[in-house]
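Report on one structure; see the data block that follows.
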Amino acid sequence: MSALPYKVARRLRSLVTDRLKPFSVLLDPELRVVTWSGDNNYYGFEDLNRGDKAWERFPFLVDLQITQPLQLAFVDVNNGRAAHIDIVPDTEYSYLIFMDATEQRDRQRELQQKANELSLLTYRQQGLMKELRAARDDLAVKRRQAEEASQAKGRFISGMSHEFRTPLTSIMGYVDLLTQRPEAWEGALDYLAAIERGARHLLSLIENVLDQARLEVNELVISCVPTDLARLAQDLLLIFESLATQKNLTFDLKLQGELPQSVELDSVRLRQVLINLIGNALKFTDTGDVSLELGWYDNQLSAVIADTGPGIPEPDLQRIFEPFQTISQISHEGAGLGLTISKQLIELMGGELSVSSTLGRGSRFKVKLPAKQLSEPAFIAEAQTPWATSDSGKQKGHILLVEDNDDIIQLVELFLTDAGYKLTVAKDGRQAVDLALHRKPDLIFMDMNLPVTNGLVATRELRNAGFNRPIIALTASPSTADKQQALDAGCNEYLQKPIEMPRLLGITREFLQGNYHVV
Amino acid sequence: MLSEQALLTYKHLQATYRASLKDKNTLLQGHWQEFERSEHPAAALKKLRLFVHRLAGSAAPYGYKNLSSIAREVEILINEYTGANSAHSLDEQMEASIREQLRNVVTRLITALDDAFFEQAPG
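If you read the protein sequences in the order shown, they are chains A and B. Numbering that gives the first Met the number 0 applies: residue 0 is where the first sequence begins, and numbers increase by one. Numbering that gives the first Met the number 0 applies: residue 0 is where the second sequence begins, and numbers increase by one.
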């Protein structure tokens, strides 16, 4: 390479000097400063002296063996500037050559900072993306759940409207028949019975929906009372025996070992659950038998309801206790809430309800319910609080109420049916005589002041026709003569109006237990 | 005395009964005016008697004992009025006196029905 022209070389040297701010220091073999040239002030070495110890003034030399040329890049010097430093040995002496790298360092730092910021942003962005994905997934799950809930409610509403419409259509049909075609009155009792069945079915649907709503908001309260399990079982047998017979099925009650005379539990709710389970078993079983097996082990009541029905497919078994499920076998009738409510009720009482089933062979629902065994028999405890609960003194019996005042009918019906009695209503004396002779109720409440045929005449007719069950007169008159007249006509007792419901229930219980004078 | 479920139904029946008190009041006033204006009050009185008889029987079980007892007072007065009238013809002074008593009690019953309709349902 040929030499550059002098002017060019000078220009270049001037450029290098301006840009690199060169500064060189000569060090002796003991690494002490001998001499320096260049811009020492630029690098903060205004006070450099001959003989200065190099490792004190230039800390980057500490522990450094200078045996060959060395380059140190971006060394921070005293005044905050940066330099690339060349160390050039020359025989036993060495040169340190400083070249300015401040701007380069700052630019690099700035770049590094930007890169750092960028990676921080990227990191944050990744976090946000992750959150966004999680939120989107969460939203999808929630949307799916909402859709499923909405579908379930939709199925429930459409099922319920069908369930409500069916008995309502039947009720309205019979009512139309009775009101518009007088000749239909010949079959009136059957039509009324059908209307009653329809109405009761509706009532039980509504009760189920209300129970479910109360369970959902934790408003359902468990109320434990002394309960006679054997009597409860007998009641269930009475309720379901005839239904089973109608379907040519056998309904068996099996008591495993000896049951305690009295245990403390919510008998109303337990009865509700057992009625639901036995009712289901009978509904779905077409041949064979349904049984209720009751046992008492380790302070726990065990009730097993077994049937020889079609059984429940495995996938349906998993969902059988969920509300509003359209399980082929379970929900073809009803709100699809009975089993949900039963399970929740049993769990609310501290127990368990489980199911096992074999397709084609039948199903078994098992209730395990812890309860406290009492030393006193249940009926004694009940007698101490005669009106404490609706269950106390429950006796099944059929009562005929003869009354033309709808306001009173509604109340009496509420109190008597709530206490477990079956009620039929007649609105005049003529209808009362027909119904009583046809249906043979266990007890009649007869208003004396009735249209068509009054209560006195109707009572006399019934006694003359051989009706020998108790008749209680309902009379508004406080006069002894009127009361005597009612007794003379064949009434066993009279109840002064306005009726006091506790008295009405008391007298019902008294007479149905047989504590009355035979006419 | 009632189960939780039946208690709800009872409250519902009670509310329905309370709502019916307005119509019952209108009916009562209709019967009373018919009696006051009628040339032959026997038929109007029969309707009025049946009305208060039913009210006396139904109001108390729904918690309106006061209504029941005033309705019963009206029923007893009507019984007296018709009983006395059928046994012997009432003189004008006697009839006017019983009518006045009846008017007073019916007015009390109208007010009591009004109060019961606008008050809270009895517990």
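Ideal Cβ placement from N, Cα and C applies to all residues, glycine included. Computed from a predicted model, the values in this text were never measured in an experiment.
query                                                                                                                                                                                          : result
Under 8 angstroms between C-beta atoms, does residue 1 of chain B make it to chain A?                                                                                                          : yes
Using the three-state DSSP reduction, which class does residue 93 of chain A fall into: helix, strand or coil?                                                                                 : strand
Just to confirm my understanding: we take residue 357 of chain A, look at its own chain, exclude 5 residues before and 5 after, and list those with CB closer than 6 angstroms. What are they? : 310
Output the boundary residues of the beta strand (DSSP E) element that contains residue 26 of chain B.                                                                                          : Unbroken run through residue 26 of chain B is the alpha helix (DSSP H), 3-36; no beta strand (DSSP E).
Along the chain, where does the alpha helix (DSSP H) that runs through residue 116 of chain B open and close?                                                                                  : 91-117
In or out: residue 91 of chain B buried (at least 16 other Cβ within 10 Å) or exposed?                                                                                                         : exposed
Would residue 337 of chain A be called buried (16 or more neighbouring beta carbons within 10 Å of its own) or exposed?                                                                        : buried
Determine, using beta carbons only, whether residue 453 of chain A comes closer than 8 angstroms to chain B.                                                                                   : no
When DSSP labels each residue in this structure, what does residue 296 of chain A get in the three-state scheme?                                                                               : strand
What is the DSSP secondary structure of residue 380 of chain A, reduced to helix, strand or coil?                                                                                              : The pLDDT assigned to residue 380 of chain A is 33, lower than 50, so where the model puts this residue is not dependable, and the model offers no usable value.
Closer than 8 angstroms, Cβ to any Cβ of chain A: which residues of the stretch 10-34 of chain B, in chain order?                                                                              : 12, 16 and 19
What would DSSP say about residue 44 of chain A, mapped onto helix, strand or coil?                                                                                                            : coil
Below 7 angstroms between beta carbons is the criterion; list the residues of the stretch 468-483 of chain A that meet it against any residue of chain B, in chain order.                      : 475
Between the Cα of residue 47 of chain A and the Cα atoms of A/69, A/70 and A/22, which residue gives the shortest distance?                                                                    : A/22
In whole angstroms, give me the CA-to-CA distance for residue 180 of chain A and residue 402 of chain A.                                                                                       : 25 angstroms
Leaving out five residues on either side along the sequence, give the residues of the same chain with a beta carbon under 7 angstroms from the beta carbon of residue 350 of chain A.          : 366, 367, 368 and 369
Under 8 angstroms between the Cβ atoms of residue 289 of chain A and residue 280 of chain A?                                                                                                   : yes
With a threshold of 16 other CB atoms inside 10 Å of the CB of residue 234 of chain A, please say whether the residue is buried or exposed.                                                    : buried
According to DSSP, simplified to helix, strand and coil, what is residue 172 of chain A?                                                                                                       : helix
Please name the residue, chosen from A/72, A/225, A/92 and A/198, that lies closest to residue 373 of chain A on a Cα-to-Cα basis.                                                             : A/225
Where does residue 432 of chain A sit, in a helix, a strand or coil, going by DSSP?                                                                                                            : helix
If we define contact as Cβ-Cβ less than 8 angstroms, is residue 163 of chain A a contact residue for chain B?                                                                                  : no
So, residue 53 of chain A versus residue 30 of chain A, is the Cβ gap smaller than 8 angstroms?                                                                                                : yes
Could you tell me whether the stretch 414-430 of chain A touches the stretch 447-464 of chain A, where touching means 3 or more Cβ pairs closer than 8 angstroms?                              : yes
Please give me, in chain order, every unbroken run of the beta strand (DSSP E) with length at least 3 that falls completely inside the stretch 225-273 of chain A.                             : 249-255 and 262-264
With a threshold of 8 angstroms between beta-carbons, can residue 407 of chain A be considered close to chain B, or not?                                                                       : yes
Quick check on residue 302 of chain A: does DSSP put it in helix, strand or coil?                                                                                                              : strand
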